[in-house]
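Everything on this sheet refers to the single structure shown next.
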Amino acid sequence: MLDKIISSVENIISLVNDALYSYILIILLLLGGIYFLIRTRFVQFRLFKEQILAVTEKPKDGKGVSSFQALIVSTASRVGTGNIIGVSTALCLGGFGSVFWMWIIAIIGGASAFIESTLAQIYKKKGPDGCYGGPSYYIQSALKSRALASLFAVLIIITYAFGFNMLASYNLQSTFSGYSFYNPTYTPWIIGLIVAALVAFCLMGGGKRIIKATSFLVPVMGIAYILIALVIVVINAPALPSIFKSIFTEAFDLKAIFGGFSGSCVMYGIKRGLFSNEAGVGSAPNASASAEVSHPVKQGLVQILSVFIDTLLVCSATAFMCMSSGVEPSAELSGAPYVQQALSATLGSFGPIFITIAMILFAFTTLLGNLYYVDNCFVYLFRRQPSKKFIKVYQIIASLVVFIGAGLSSDLLWGIADITMGAMTIINMPVILYLSKYAVRALKDYEKQRKEGKDPVFKVKDIELPHKVDYWN
Numbered sequence: 028m029l030d031k032i033i034s035s036v037e038n039i040i041s042l043v044n045d046a047l048y049s050y051i052l053i054i055l056l057l058l059g060g061i062y063f064l065i066r067t068r069f070v071q072f073r074l075f076k077e078q079i080l081a082v083t084e085k086p087k088d089g090k091g092v093s094s095f096q097a098l099i100v101s102t103a104s105r106v107g108t109g110n111i112i113g114v115s116t117a118l119c120l121g122g123f124g125s126v127f128w129m130w131i132i133a134i135i136g137g138a139s140a141f142i143e144s145t146l147a148q149i150y151k152k153k154g155p156d157g158c159y160g161g162p163s164y165y166i167q168s169a170l171k172s173r174a175l176a177s178l179f180a181v182l183i184i185i186t187y188a189f190g191f192n193m194l195a196s197y198n199l200q201s202t203f204s205g206y207s208f209y210n211p212t213y214t215p216w217i218i219g220l221i222v223a224a225l226v227a228f229c230l231m232g233g234g235k236r237i238i239k240a241t242s243f244l245v246p247v248m249g250i251a252y253i254l255i256a257l258v259i260v261v262i263n264a265p266a267l268p269s270i271f272k273s274i275f276t277e278a279f280d281l282k283a284i285f286g287g288f289s290g291s292c293v294m295y296g297i298k299r300g301l302f303s304n305e306a307g308v309g310s311a312p313n314a315s316a317s318a319e320v321s322h323p324v325k326q327g328l329v330q331i332l333s334v335f336i337d338t339l340l341v342c343s344a345t346a347f348m349c350m351s352s353g354v355e356p357s358a359e360l361s362g363a364p365y366v367q368q369a370l371s372a373t374l375g376s377f378g379p380i381f382i383t384i385a386m387i388l389f390a391f392t393t394l395l396g397n398l399y400y401v402d403n404c405f406v407y408l409f410r411r412q413p414s415k416k417f418i419k420v421y422q423i424i425a426s427l428v429v430f431i432g433a434g435l436s437s438d439l440l441w442g443i444a445d446i447t448m449g450a451m452t453i454i455n456m457p458v459i460l461y462l463s464k465y466a467v468r469a470l471k472d473y474e475k476q477r478k479e480g481k482d483p484v485f486k487v488k489d490i491e492l493p494h495k496v497d498y499w500n
């Protein structure tokens with residue numbers, strides 16, 4: 028009976044996803060991103076040097092969140108299980124051509140990330156512990172709609188506390204499926220219970236050392252991950268010409284694309300690219316708003332860099348070490364097994380062990396990083412910090428969700444995450460399209476000051492913003 032219910036739910040979710048990603052999101056993301064590209068005059072390429080400089084800026088008073096810290100928070104949420112399992116799924120189900128469409132989404136998405144993060148800075152709010160903000164705040168300030176802003180906040184909570192965290196938990200436990208001790212009946216639940224207990228321990232204040240350790244280890248693991256990928260690609264260098272040929276040939280195989288669009292490389296490339304870099308979704312602006320900078324554009328530039336790190340570096344690292352291994356992708360290998368077999372083919376027994384360690388670290392910090400966005404939304408919905416009793420109940424529920432996610436169906440969890448993320452995008456993209464003129468004016472002001480040899484300082488009157496804001500006056 029339960030299997031029939033789950034199967035019916037999966038079918039409904041699949042139909043909704045087909046509609047979302049076959050029509051609505053492609054139009055919104057591609058056309059919206061291209062519009063931002065043109066309006067900003069290809070800001071992600073023109074001001075690449077400025078992106079590097081913006082990351083190094085520190086708060087003037089030495090307090091508050093720096094640009095680098097905001098980059099780490101947003102990148103920690105972006106760089107996670109989606110960079111490994113998501114890319115593997117796209118290759119196995121969509122083919123090598125999906126890599127090309129992931130690149131396109133990242134390149135175009137950089138402009139969307141710039142606009143939404145610049146807007147988050149312009150409309151950010153003052154709080155007792157610094158500044159905060161995000162889409163809910165610029166929706167309410169500019170559109171005067173508390174209802175729409177609250178709906179967006181609720182969607183973030185559903186997406187990150189439930190959809191993404193259940194998926195991260197599933198992806199983490201699935202990494203162990205290649206080991207002899209793994210039993211699909213009970214092992215996922217045991218691993219889920221351990222991970223849920225660790226998340227609860229961290230959420231309830233006992234895990235400061237764990238959080239500090241993982242925040243140090245994850246950047247190290249990220250660099251190690253890319254280096255291992257480069258080693259594998261170098262070892263298998265003779266295969267590169269045929270790999271690039273397959274990527275571009277399959278990406279533009281119109282017969283395959285339009286013959287079954289819902290399972291095509293375009294759809295999988297867009298879905299997994301969007302899941303990975305989140306540009307235009309409205310999540311990263313929650314971290315962007317917390318940075319103390321002298322000009323909103325600086326944080327917009329930092330978030331472009333975060334998108335590029337996520338997709339063009341980490342996702343490409345996964346794709347190339349899998350494609351160059353000689354292991355053929357298939358629906359049966361979709362997810363962790365394909366990555367593990369690909370690494371085993373080149374590195375032997377060390378490969379699966381390395382990918383397991385990487386997945387544990389990436390997934391665990393993603394679980395905690397996602398809940399940072401949720402906390403921000405609770406503050407918006409309650410107009411203050413929630414009570415200790417509410418937070419305690421929420422922490423228990425968030426931990427239970429992690430436990431449940433470990434034992435559910437992969438297709439169901441990917442489907443839920445895709446729908447909730449798509450719903451966020453449907454709200455956020457039209458809003459930032461409407462407000463983009465203020466981000467573009469801020470960009471022109473930033474470049475004007477740079478040409479005058481100044482370290483840009485923003486004043487809201489310089490862009491003729493008609494809305495009341497807490498900062499920049």
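Each residue of the sequence shown is one higher than the one before, counting from 28 in my numbering. Using N, Cα and C, we set each Cβ at its ideal position, and we do this for glycine too. None of the values given here were measured: they were computed from a predicted structure.
Hey, residue i and residue j are a contact pair by Cβ (cut 8 angstroms); roughly how many whole angstroms apart?
| i | j | result |
| --- | --- | --- |
| Gly309 | Thr145 | Actually they do not touch by this definition, with Cβ atoms about 13 angstroms apart. |
| Ala385 | Ile142 | About 32 angstroms; that fails the 8 angstroms criterion. |
| Ile259 | Met129 | Ile259 to Met129, Cβ: 19 angstroms. No contact. |
| Gly375 | Gly136 | 37 angstroms between Cβ atoms; not a contact. |
| Leu55 | Met451 | Contact doesn't hold; Cβ gap of about 11 angstroms is too wide. |
| Ala147 | Gly161 | 6 angstroms |
| Asn263 | Ser352 | 7 angstroms |
Would you mind sorting residue i into buried or exposed? The rule is 16 or more other CB atoms within 10 Å of its CB.
| i | result |
| --- | --- |
| Pro379 | buried |
| Asn403 | buried |
| Asp482 | exposed |
| Leu254 | exposed |
| Ser139 | buried |
| Ser361 | buried |
Grouping DSSP H, G and I as helix and E and B as strand, with all else coil, what is residue i?
| i | result |
| --- | --- |
| Lys151 | coil |
| Gly157 | strand |
| Ala251 | helix |
| Ala316 | coil |
| Ile134 | helix |
| Asn110 | helix |
| Thr116 | helix |
| Trp216 | helix |
| Asn455 | helix |
| Ala264 | helix |
| Gly286 | Residue placement at Gly286 cannot be trusted, given a pLDDT of 47 that sits under 50; what the coordinates show is reported in the next sentence. Residue state, collapsed to three classes: helix. |
| Phe279 | coil |
| Trp499 | coil |
| Gly480 | coil |
| Ser41 | helix |
Alpha carbon to alpha carbon, how far is residue i from residue j?
| i | j | result |
| --- | --- | --- |
| Tyr399 | Ser207 | 36 angstroms |
| Ala344 | Phe271 | 14 angstroms |
| Leu439 | Ile40 | 8 angstroms |
| Ser333 | Leu388 | 19 angstroms |
| Thr276 | Phe123 | 9 angstroms |
| Phe430 | Ala195 | 11 angstroms |
| Val484 | Ser321 | 5 angstroms |
| Val401 | Ala266 | 44 angstroms |
| Ser289 | Met193 | Low per-residue confidence applies at Ser289: pLDDT is 49, beneath 50, and the placement is therefore not dependable, though the value from the model is reported in the following sentence. Looking at the two C-alpha atoms, the distance is approximately 24 angstroms. |
| Gln78 | Ile331 | 8 angstroms |
| Lys325 | Leu339 | 21 angstroms |
| Tyr62 | Val487 | 24 angstroms |
| Gly121 | Ser357 | 10 angstroms |
| Gly286 | Leu220 | Low per-residue confidence applies at Gly286: pLDDT is 47, beneath 50, and the placement is therefore not dependable enough to give any value. |
| Ile32 | Asn38 | 10 angstroms |
| Tyr365 | Gly190 | 23 angstroms |
| Ala133 | Ser177 | 28 angstroms |
Comparing C-alpha positions only, which one of the options sits nearest to residue i?
| i | options | result |
| --- | --- | --- |
| Ala224 | Val467, Ala425, Lys475, Val484 | Ala425 |
| Leu58 | Glu491, Pro483, Pro457, Val484 | Pro457 |
| Phe69 | Tyr295, Thr338, Lys471, Lys153 | Lys471 |
| Gln200 | Leu230, Tyr252, Ala363 | Ala363 |
| Lys153 | Ile111, Ser115, Ala316, Val293 | Ala316 |
| Ala390 | Asn44, Ala133, Gln330, Val226 | Val226 |
| Ile418 | Leu254, Met231, Gln330, Gly434 | Met231 |
| Met294 | Leu118, Ser34, Trp499 | Leu118 |
| Ser35 | Lys464, Ser436, Asn500, Glu491 | Ser436 |
| Ile274 | Ala256, Ile131, Tyr209 | Ile131 |
| Met448 | Gln367, Asp497, Asn304 | Asn304 |
| Leu47 | Thr214, Glu479, Ala138, Ile297 | Ile297 |
| Asn313 | Asn455, Arg73, Glu359 | Asn455 |
| Asp337 | Ala278, Glu474, Phe75, Asn110 | Asn110 |
| Ile217 | Gly432, Asn38, Gln167 | Gly432 |
| Val496 | Asn210, Lys416, Phe381, Gln167 | Gln167 |
| Phe498 | Ala318, Asp445, Ser269, Glu355 | One detail in the question is off: residue 498 reads as Tyr in this sequence, not Phe. Per the Cα distances, Ala318. |
| Tyr197 | Leu394, Val43, Glu84 | Leu394 |
| Gly396 | Ala188, Ala174, Leu64, Ser163 | Ala188 |
From the beta carbon of residue i, is the nearest beta carbon of chain D less than 8 angstroms away?
| i | result |
| --- | --- |
| Leu56 | Judged by its chain identifiers, the structure shown contains no chain D, having just a single protein chain. |
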